[in-house]
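Undergrad:
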Amino acid sequence: MKGLLIVISILFQISPVYANGLGTKGGIILSYPVGAQAIGMGEAFVGVAQGVNAIYWNPAGLVSLESKEFTGYYLDGLVDANYKFMGYAQPMRFGVIGCGISNLDGGKATIYNTDGTTKNVTAQTDYIFMISYANKVRENLSFGGNIKLIQSELGETSKADAFACDLGGLYNIPAKNLKIGVAIQNMGTEIKYEEEGDPLPLNIKLGTAYRFNNLLLALDINKPIENKLRFNIGGEYWIAKIMALRAGYKFKQEGSGSDTGLTAGIGFKISNYRFDYAYVPYGNLDNTHQVSLTARF
Numbered sequence: 001m002k003g004l005l006i007v008i009s010i011l012f013q014i015s016p017v018y019a020n021g022l023g024t025k026g027g028i029i030l031s032y033p034v035g036a037q038a039i040g041m042g043e044a045f046v047g048v049a050q051g052v053n054a055i056y057w058n059p060a061g062l063v064s065l066e067s068k069e070f071t072g073y074y075l076d077g078l079v080d081a082n083y084k085f086m087g088y089a090q091p092m093r094f095g096v097i098g099c100g101i102s103n104l105d106g107g108k109a110t111i112y113n114t115d116g117t118t119k120n121v122t123a124q125t126d127y128i129f130m131i132s133y134a135n136k137v138r139e140n141l142s143f144g145g146n147i148k149l150i151q152s153e154l155g156e157t158s159k160a161d162a163f164a165c166d167l168g169g170l171y172n173i174p175a176k177n178l179k180i181g182v183a184i185q186n187m188g189t190e191i192k193y194e195e196e197g198d199p200l201p202l203n204i205k206l207g208t209a210y211r212f213n214n215l216l217l218a219l220d221i222n223k224p225i226e227n228k229l230r231f232n233i234g235g236e237y238w239i240a241k242i243m244a245l246r247a248g249y250k251f252k253q254e255g256s257g258s259d260t261g262l263t264a265g266i267g268f269k270i271s272n273y274r275f276d277y278a279y280v281p282y283g284n285l286d287n288t289h290q291v292s293l294t295a296r297f
């Protein structure tokens with residue numbers, strides 16, 4: 001009973017921060033996007049799905065890699081919370097393999113005990129460990145998948161584990177500069193802190209991307225199982241193949257702290273290195289600043 005009260009106390013303190021439109025399912029960390037490039041484009045990336053960040057958006061997109069790639073991503077600004085992701089992928093003779101690790105640090109929270117005392121603890125510490133694989137089944141058609149282990153701890157007392165997988169497909173139409181992607185995310189076991197477990201935030205995504213010279217346009221349609229359809233649009237424009245300007249819009253984010261859904265970003269590429277920055281306003285909550293550093297070798 002004491003553990004249940006601690007979980008409820010922590011969830012009440014963190015829920016306004018982490019709700020982002022996928023409903024109230026368990027495994028909050030699973031709904032956090034990765035990569036400042038994709039986030040600056042309004043999180044419209046299922047059809048784009050390029051580079052190592054495809055691990056999160058659509059693992060089928062890993063087939064776009066022609067060399068080894070590593071990325072690090074950091075999100076700061078949501079009250080005391082921060083979120084980090086590191087990913088690596090490399091082409092092999094039998095396809096492309098990848099791996100990644102995510103960490104959510106929920107900052108500090110206060111536990112109110114039944115005897116009237118209080119205690120300051122780390123609100124939430126979550127990890128995701130994942131391995132990925134993608135391969136072409138035809139010249140313009142690829143499939144990929146992830147296997148994920150989710151570990152979560154609330155209030156430094158209640159712990160839970162879960163397993164999940166993602167599946168993705170990507171169809172490329174070079175003659176029309178068009179790509180179409182689909183992804184199913186977070187199919188897995190319940191995450192269970194106490195006696196009752198919560199299902200993971202299952203999400204189905206369909207996306208398309210169109211490239212015209214230096215301009216990239218993208219549209220995603222998301223259907224969280226516990227929520228309404230969500231639409232994301234975004235664009236990216238490269239200047240002299242050195243600097244990228246990005247913008248996007250997230251329509252009707254049910255349960256989100258964002259008032260507008262607007263996103264913006266910028267990127268710089270020098271040789272095999274790329275730096276990306278994204279800015280996302282969150283209404284009455286703090287604005288977020290998100291950065292990525294990606295290297296090819």
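Letter 176 of the sequence shown, counting from 1, is numbered 176 in my numbering, and no numbers are missing. A virtual CB, placed ideally from N, CA and C, is assigned to each residue, including glycine.
Here's the rule I'm using: 16 or more other beta-carbon atoms within 10 Å means buried, otherwise exposed. How should Glu301 be labelled?
TA: Coverage of the chain is limited to positions 1 through 297, which leaves residue 301 absent and any answer about it impossible.
Undergrad: What residue from Cys165, Gly261, Ser158 has the CA that sits closest to Ile128's CA?
TA: Counted from its first residue, the sequence shown places residue 128 at position 128. Taking only the C-alpha atoms, the option nearest Ile128 is Cys165.
Undergrad: Whole angstroms are fine: how far does the CA of Ile97 sit from the CA of Pro91?
TA: For this step, residue 91 is matched to residue 91 along the sequence shown. For this step, residue 97 is matched to residue 97 along the sequence shown. Distance between the alpha carbons of Pro91 and Ile97: 7 Å.
Undergrad: Looking at C-alpha atoms only, which residue of Thr189, Tyr133, Ser102, Ala244 is the closest neighbour of Gly299?
TA: In this structure the chain extends from 1 to 297, so residue 299 is not present and cannot be described.
Undergrad: Give the straight-line distance between the Cα atoms of Val52 and Leu293, rounded to the nearest whole angstrom.
TA: Working through the sequence shown from its first residue, we reach residue 52 at position 52. Working through the sequence shown from its first residue, we reach residue 293 at position 293. Whole-angstrom Cα-Cα distance: 11 Å.
Undergrad: Helix or strand or just coil, what does DSSP make of Pro199?
TA: Start at 1 with the first residue of the sequence shown, and residue 199 comes out as number 199. Note: Pro199 maps to coil in three-state DSSP.
Undergrad: How many angstroms separate the CA atom of Asn287 from the CA atom of Tyr279?
TA: Here residue 287 is taken as the residue at index 287 of the sequence shown, counted from 1. Here residue 279 is taken as the residue at index 279 of the sequence shown, counted from 1. Looking at the two C-alpha atoms, the distance is approximately 7 Å.
Undergrad: Rank Phe275, Ser271, Leu30 by C-alpha distance to the C-alpha of Asn146 and give the top, closest one.
TA: If you number the sequence shown from 1, residue 146 lands on position 146. For Asn146, the nearest C-alpha among the options comes from Leu30.
Undergrad: Can you tell me whether DSSP reads Ser102 as helix, strand or coil?
TA: Residue 102 sits at position 102 when you count from the first residue of the sequence shown. Of the three classes helix, strand and coil, the one that applies to Ser102 here is strand, per DSSP.
Undergrad: My assumption, with CB atoms under 8 Å, is that Ala89 sits in contact with Leu65. Please give the rounded CB distance.
TA: Against the sequence shown, residue 89 aligns to sequence position 89. Against the sequence shown, residue 65 aligns to sequence position 65. Indeed they touch by this definition, with Cβ atoms about 6 Å apart.
Undergrad: Could you tell me whether the region 205-212 touches the region 186-195, where touching means 3 or more Cβ pairs closer than 8 Å?
TA: No: fewer than three Cβ pairs fall under 8 Å.
Undergrad: When the Cα atoms are used, what is the spatial distance from Asn113 to Phe163?
TA: Residue mapping note: residue 113 aligns to position 113 of the sequence shown, counting from 1. Residue mapping note: residue 163 aligns to position 163 of the sequence shown, counting from 1. For Asn113 and Phe163, the distance between alpha carbons rounds to 31 Å.
Undergrad: To the nearest angstrom, report how far apart Lys108 and Val63 are at their CA atoms.
TA: Translated into the one-based positions of the sequence shown, residue 108 becomes position 108. Translated into the one-based positions of the sequence shown, residue 63 becomes position 63. Distance between the alpha carbons of Lys108 and Val63 is about 40 Å.
Undergrad: How is the alpha helix (DSSP H) around Tyr56 delimited, first residue to last?
TA: Taking the first residue of the sequence shown as 1, we reach residue 56 at position 56. Taken as a continuous stretch (DSSP letters only), the alpha helix (DSSP H) holding Tyr56 covers 54-57.
Undergrad: Taking only three categories from DSSP, how would you classify Arg296?
TA: Here residue 296 refers to the residue found at position 296 when the sequence shown is read from its first residue. Here Arg296 sits in strand by DSSP.
Undergrad: Going along the chain, which unbroken runs of the beta strand (DSSP E) with 3 or more residues stay wholly within the region 204-243?
TA: Taking only runs of at least 3 residues, the beta strand (DSSP E) segments lying wholly in the region 204-243 are 215-224, 230-239.
Undergrad: Where does Lys68 fall in DSSP's three states?
TA: Residue numbering aside, residue 68 sits at position 68 when the sequence shown is read from its first letter. In this structure, Lys68 counts as coil in the three-state DSSP scheme.
Undergrad: Let's see if you can read the secondary structure: which residues bound the beta strand (DSSP E) around Ala38?
TA: Residue mapping note: residue 38 aligns to position 38 of the sequence shown, counting from 1. Premise fails: Ala38 lies in the alpha helix (DSSP H), 36-40, not in any beta strand (DSSP E).
Undergrad: Pick out whichever of Phe85, Arg296, Arg138 has its Cα sitting closest to the Cα of Tyr171.
TA: By one-based count along the sequence shown, residue 171 stands at place 171. Closest option to Tyr171, Cα to Cα, is Arg138.
Undergrad: Helix, strand or coil, according to DSSP, for Phe12 in the structure here?
TA: For the purposes of this step, residue 12 is taken as residue 12 along the sequence shown, with counting starting at 1. Any answer about Phe12 is weak, because its pLDDT of 43 lies below 50 and its placement is not dependable; what the coordinates show is given next. It is helical.
Undergrad: Whole-angstrom Cβ separation of Ser67 and Phe275, contact assumed at under 8 Å?
TA: For the purposes of this step, residue 67 is identified with residue 67 of the sequence shown, where counting begins at 1. For the purposes of this step, residue 275 is identified with residue 275 of the sequence shown, where counting begins at 1. That pair is no contact at about 18 Å.
Undergrad: Do you know offhand how far Ile225's Cα is from Leu154's?
TA: Residue numbering aside, residue 225 sits at position 225 when the sequence shown is read from its first letter. Residue numbering aside, residue 154 sits at position 154 when the sequence shown is read from its first letter. Roughly 25 Å between the two C-alpha positions.
Undergrad: Per DSSP, what are the beta-bridge partners of Arg93 in this structure?
TA: Counting from 1 along the sequence shown, the entry for residue 93 is found at position 93. For Arg93, which the question treats as bridged, DSSP gives no partner whatsoever.
Undergrad: Look up Asp126 in the DSSP assignment and give the residues it is bridged to.
TA: Residue numbering aside, residue 126 sits at position 126 when the sequence shown is read from its first letter. Answer by DSSP bridge pairing, in chain order: Leu104, Ser152.
Undergrad: Rounding to the nearest angstrom, what Cα-Cα distance links Phe94 and Ala183 in this structure?
TA: By one-based count along the sequence shown, residue 94 stands at place 94. By one-based count along the sequence shown, residue 183 stands at place 183. About 22 Å.
Undergrad: Around the C-beta of Thr110, are 16 or more other C-beta atoms found within 10 angstroms, so that it is buried, or is it exposed?
TA: Counted from its first residue, the sequence shown places residue 110 at position 110. Exposed, by the Cβ-count rule.
Undergrad: Ala49 by DSSP, collapsed to three states: which one?
TA: If you number the sequence shown from 1, residue 49 lands on position 49. DSSP places Ala49 in coil when its eight states are reduced to three.
Undergrad: For the candidate residues Lys148, Cys99, Leu245, Ile233, whose alpha-carbon lies nearest to that of Gly267?
TA: Here the question's residue 267 lines up with position 267 in the sequence shown. The candidate whose alpha carbon is nearest that of Gly267 is Leu245.
Undergrad: Measure the C-alpha to C-alpha separation of Gln290 and Gly35 and round it to an integer number of angstroms.
TA: Working through the sequence shown from its first residue, we reach residue 290 at position 290. Working through the sequence shown from its first residue, we reach residue 35 at position 35. For Gln290 and Gly35, the distance between alpha carbons rounds to 8 Å.
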